[in-house]
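Undergrad: Please see the structure below; I have some questions.
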Amino acid sequence: MSNLLKSEGIELRALEPEDLEFLYSCENNSEIWNVSNTLAPFSKYILRQYIKNSHHDIYTNKQLRLIISNETEPNKAIGAIDLFDFDPYHMRAGVGILIHGQNNQSKGLASSALKTLINYCFNHLHFNQLYCNIGAANTKSIHLFEKCGFIKCGEKKQWLRTTDGFESELMFQLLN
Numbered sequence: 003m004s005n006l007l008k009s010e011g012i013e014l015r016a017l018e019p020e021d022l023e024f025l026y027s028c029e030n031n032s033e034i035w036n037v038s039n040t041l042a043p044f045s046k047y048i049l050r051q052y053i054k055n056s057h058h059d060i061y062t063n064k065q066l067r068l069i070i071s072n073e074t075e076p077n078k079a080i081g082a083i084d085l086f087d088f089d090p091y092h093m094r095a096g097v098g099i100l101i102h103g104q105n106n107q108s109k110g111l112a113s114s115a116l117k118t119l120i121n122y123c124f125n126h127l128h129f130n131q132l133y134c135n136i137g138a139a140n141t142k143s144i145h146l147f148e149k150c151g152f153i154k155c156g157e158k159k160q161w162l163r164t165t166d167g168f169e170s171e172l173m174f175q176l177l178n
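Using the numbering used here, you'd call the opening residue of the sequence shown number 3 and step up by one each time.
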């Protein structure tokens with residue numbers, strides 16, 4: 003029996019209490035706050051509550067966070083992939099992804115995780131589409147999503163405030 007949340011060396015899994023330190027490290031890394039629209043750090047208490055309530059399904063929470071782990075070390079989190087703004091009527095959701103740590107990046111892990119999530123969303127949850135919004139300067143993310151079949155469908159001019167001024171945000175879609 004195959005696991006639809008495993009492929010190409012990675013596994014997507016539910017949040018576990020042991021992921022607290024990983025989440026704390028990711029959510030409080032101010033270097034990536036610009037892509038997650040975070041303005042302030044999260045406490046361990048808040049993150050513990052988030053993990054505690056993460057067992058609800060996507061229809062209840064309208065979001066789903068899955069931990070990306072290497073299949074050889076399934077208990078060690080190397081990233082996270084999120085579905086957010088789930089719309090059950092239109093069967094669509096936004097996608098966000100993070101691979102934590104330079105030593106885990108540029109190894110194809112994000113691509114494997116995104117392809118696995120796409121398969122899960124289209125073939126198990128029966129979504130009509132997935133979308134993402136990416137800052138125009140984030141060429142690595144643009145390449146990742148395009149490589150996985152997402153098509154640029156729009157641009158919001160000067161949408162994102164950065165330390166250097168304003169940056170456009172690009173919109174991408176993948177239809178089932």
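Built from N, CA and C at the ideal position, the CB exists for glycine as well.
(1) Below 6 Å CB to CB, which residues in the same chain sit around F24 once its five sequence neighbours on both sides are set aside?
(2) Alpha carbon to alpha carbon, how far is E18 from S143? Give it in angstroms, no decimals.
(3) Distance check for E29 and T165, CA to CA, integer angstroms please.
(4) What residues match up with Y133 in a beta bridge as DSSP calls it?
(5) Beta strand (DSSP E) containing N72: first to last residue?
(6) Which word fits G11, buried or exposed, when buried means at least 16 other C-beta atoms lie within 10 angstroms of its C-beta?
(7) Straight-line CA distance for L177 to I120?
(8) By Cβ distance, which residues of its chain are closer than 6 Å to Y133, with the 5 residues on each side in sequence left out?
(9) Among A115, T40 and C123, which residue has its Cα nearest to the Cα of Q65?
(10) The alpha helix (DSSP H) with Q51 in it runs from where to where?
(11) Under the three-state reduction of DSSP, which class applies to P43: helix, strand or coil?
(12) Could you round the C-beta distance between L146 and E157 to whole angstroms and report it? I think they count as a contact, below 8 Å.
(13) If you follow the alpha helix (DSSP H) that F86 is in, where does it begin and where does it stop?
TA: Per the coordinate set shown:
(1) The answer, listed in chain order, is A79.
(2) Separation of S143 and E18 (C-alpha to C-alpha, rounded to the nearest whole angstrom) is 27 Å.
(3) Those two C-alpha atoms are separated by around 19 Å.
(4) The partner list for Y133 (beta bridge, DSSP) reads G96 and Q175.
(5) Residues L66 to N72.
(6) With fewer than 16 other beta carbons inside 10 angstroms of its own, G11 counts as exposed.
(7) Those two C-alpha atoms are separated by around 10 Å.
(8) Taken in chain order, the residues that qualify are G96 and Q175.
(9) When C-alpha distances from Q65 are compared across A115, T40 and C123, the shortest belongs to C123.
(10) Looking at the DSSP string, the run of the alpha helix (DSSP H) that includes Q51 is K46 to K54.
(11) DSSP places P43 in the coil class of the three-state scheme, outside both helix and strand.
(12) With a Cβ gap of about 18 Å, L146 and E157 do not count as contacting.
(13) Where F86 is concerned, there is no enclosing alpha helix (DSSP H), although the beta strand (DSSP E) it sits in stretches over E75 to D89.
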